[in-house]
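Just add 166 to wherever you are in the sequence shown, counting from 1, and you've got the working numbering.
Report on one structure; see the data block that follows.
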Amino acid sequence: MARIYVDPGHGGSDPGAVANGVREADVALAVARRVVDHLRRHGMDVRMSRTGDTTKSLQARTNEANAWGADAYVSVHCNAAASASANGFEVWHTVFVDKSKGDELARAILRWLDELTPLANRGAKSKAGAGGRDYYHVIRETRMPAVIVECGFVTNPNDARYLASASGQAALAEAIARGVVEWAGLAWRPLEAPAPQPAPAPKPAAKPGPFADVPADHRFAAAIQWAKERGITVGYGDGTFRPDQPVTRAEVVAMLYRALHKQG
Ligand SMILES: [Zn+2]
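Here's what the structure looks like:
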C-alpha cells in the first residue's frame with residue numbers, strides 16, 4: 167500500500183502568505199484534508215504533517231516522513247508575489263530528475279490542475295540551492311519523491327477568491343489527488359454521485375372537518391360534527407368554530423335546550 171505524506175504548509179504561529187483576506191495556512195490545510203480523503207478512499211496509507219492550525223518545523227515534517235518511509239511527500243502551499251498580477255499554480259520537484267520520480271509526480275499533478283481548475287498553469291519547476299542541491303527544504307531533505315504544490319497566489323484577487331472558495335479547494339484537491347493516484351498506477355474512482363433525491367410524496371389532502379378550524383383529525387371532530395348537523399352548536403360567521411374558546415353558562419343551557427327540543 168502506497169504511503170503518502172501530505173503536508174499542509176505553515177500553520178500555527180506561521181500563517182504563510184496573507185493577502186486579500188486569505189491565509190495560506192488555512193487554504194493549505196483545507197485542500198490537504200480533501201486530498202487525504204481522496205487518497206484514503208483509494209486505499210492509500212496517508213499521514214498528515216498537521217491536521218489543525220498548529221506550528222511544526224520543516225525539519226520535524228521531513229524527519230517524520232523519512233522515519234515513516236513515505237513513498238511520496240506532497241506539500242500544499244499558496245504563492246505570493248509583490249505584484250498583484252502574478253497568478254496561477256505551479257508544482258516544484260527535485261532538480262535531480264534521474265534520482266527520483268518526483269518530476270513525474272509533479273507533472274501528473276500539474277496536468278490535473280490544468281484540467282480541473284481555471285487557474286493559469288505556470289508549469290513544473292525545480293530550483294538548485296547551495297552546492298547544487300535542491301533549494302527547498304522539503305524537497306532536499308526527504309528521501310522519497312517530493313513535490314510542493316503552489317495552488318495559486320493569495321496576492322492575486324482572482325486566485326485568492328478561488329483559493330478561499332469551497333469549490334476551488336475541492337477542485338484543487340481532486341487535481342492533486344488524481345495526480346498522486348495516477349502516479350501510483352491506480353485507477354481513479356470518481357466520487358459517487360449523490361443519490362437522486364426522490365420527489366417528496368405529495369401530502370394527502372387534509373380531509374375537511376366540520377369547521378375551518380376543526381379538521382377531520384381533531385380529537386372531537388366527530389362530536390362537533392354531530393352537534394353541528396343537529397343545530398345544537400353553530401360556528402361563527404367566518405366559518406370557524408374556535409374549539410378552544412371557553413363557553414358561558416348561558417351557552418351551555420342554550421345548547422342543552424336545542425339538543426333536547428330540536429331532536430326527534
Ligand atoms: Zn508556503
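All C-beta atoms, glycine included, are put in the ideal place defined by N, C-alpha and C.
Buried or exposed: where does residue 210 fall if 16 or more other Cβ atoms within 10 Å of its Cβ makes it buried? On the sequence shown, residue 210 is found 44 positions in, with the first residue counted as 1. Answer is buried; the Cβ neighbour count reaches 16.
CA nearest to the CA of residue 339, picked from 319, 328, 200, 379: By 1-based counting over the sequence shown, the position of residue 339 is 173. Checking every option, the nearest Cα to that of residue 339 belongs to 200.
May I ask you to report which of helix, strand or coil DSSP gives residue 409? Against the sequence shown, residue 409 aligns to sequence position 243. Here residue 409 sits in coil by DSSP.
Closer than 5 Å: residues whose CB approaches a heavy atom of ligand 1: 175, 182, 243
Are there 16 or more other CB atoms within 10 angstroms of the CB of residue 430, so buried, or fewer, so exposed? As a position in the sequence shown, residue 430 is number 264, starting the count at 1. Its pLDDT being 46, under 50, residue 430 is placed unreliably in this model, and the value from its coordinates should be taken loosely. Exposed.
Alpha-carbon spacing of residue 390 relative to residue 402, whole angstroms: Mapped onto the sequence shown, residue 390 falls at position 224. Mapped onto the sequence shown, residue 402 falls at position 236. Computed Cα separation, rounded: 14 Å.
Return the bridge partner residues of residue 258 from the DSSP annotation. Taking the first residue of the sequence shown as position 1, residue 258 is located at position 92. Bridge partners of residue 258: 291, 314.
Applying the 10 Å Cβ sphere with the 16-neighbour rule, what's the burial state of residue 195? Start at 1 with the first residue of the sequence shown, and residue 195 comes out as number 29. Buried.
When you compare only the Cα positions, how much space is there between residue 447 and residue 341? No answer is possible for residue 447: the residues shown for the chain start at 167 and end at 430.
For the beta strand (DSSP E) that contains residue 398, what are its first and last residues? Here the question's residue 398 lines up with position 232 in the sequence shown. Taken as a continuous stretch (DSSP letters only), residue 398 belongs to no beta strand (DSSP E), as it is neither H nor E.
For residue 430, three-class secondary structure by DSSP: Residue mapping note: residue 430 aligns to position 264 of the sequence shown, counting from 1. Interpretation of residue 430 is limited by its pLDDT of 46, a score under 50 that renders its predicted location unreliable; the figure taken from the coordinates is listed afterwards. Three-state result, residue 430: coil.
Would you report the Cα separation of residue 225 and residue 332, rounded to the nearest angstrom? Residue 225 sits at position 59 when you count from the first residue of the sequence shown. Residue 332 sits at position 166 when you count from the first residue of the sequence shown. Cα-Cα distance, rounded: 31 Å.
Cβ neighbours of residue 384 in the same chain (closer than 8 Å, five flanking residues each side left out): As a position in the sequence shown, residue 384 is number 218, starting the count at 1. Taken in chain order, the residues that qualify are 375, 390, 409.
Proximity below 9 Å, CB of residue 432 to CB of residue 244: In this structure the chain extends from 167 to 430, so residue 432 is not present and cannot be described.
Leaving out the 5 sequence neighbours to the left and right, which residues in its chain are closer than 8 Å to residue 420 when beta-carbon positions are compared? Here the question's residue 420 lines up with position 254 in the sequence shown. Correct list: empty, nothing qualifies.
Is the separation between the beta-carbon of residue 172 and that of residue 207 shorter than 9 Å? In the sequence shown, counting from the first residue as 1, residue 172 sits at position 6. In the sequence shown, counting from the first residue as 1, residue 207 sits at position 41. Going by C-beta atoms, residue 172 is not nearer than 9 Å to residue 207.
For residue 222 and residue 289, believed in contact at Cβ under 8 Å, the rounded distance: Here residue 289 refers to the residue found at position 123 of the sequence shown. Here residue 222 refers to the residue found at position 56 of the sequence shown. Actually they do not touch by this definition, with Cβ atoms about 29 Å apart.
Within 10 angstroms of the Cβ of residue 417, are there 16 or more other Cβ atoms? Answer buried if so, exposed if not. Looking up residue 417 in the sequence shown gives position 251. Exposed.
Compute every distance between the C-beta of residue 214 and the non-hydrogen atoms of ligand 3, then say whether any falls below 8 Å. As far as ligands go, the structure on display features ligand 1 and does not contain ligand 3.
Proximity of residue 357 and residue 315 at Cβ, strictly below 9 Å: As a first step, residue 357 is located in the sequence shown; it is residue number 191 there, counting from the start. As a first step, residue 315 is located in the sequence shown; it is residue number 149 there, counting from the start. No. Outside cutoff.
Whole-number beta carbon distance between residue 237 and residue 285, since they are thought to touch under 8 Å: On the sequence shown, residue 285 is found 119 positions in, with the first residue counted as 1. On the sequence shown, residue 237 is found 71 positions in, with the first residue counted as 1. Actually they do not touch by this definition, with Cβ atoms about 27 Å apart.
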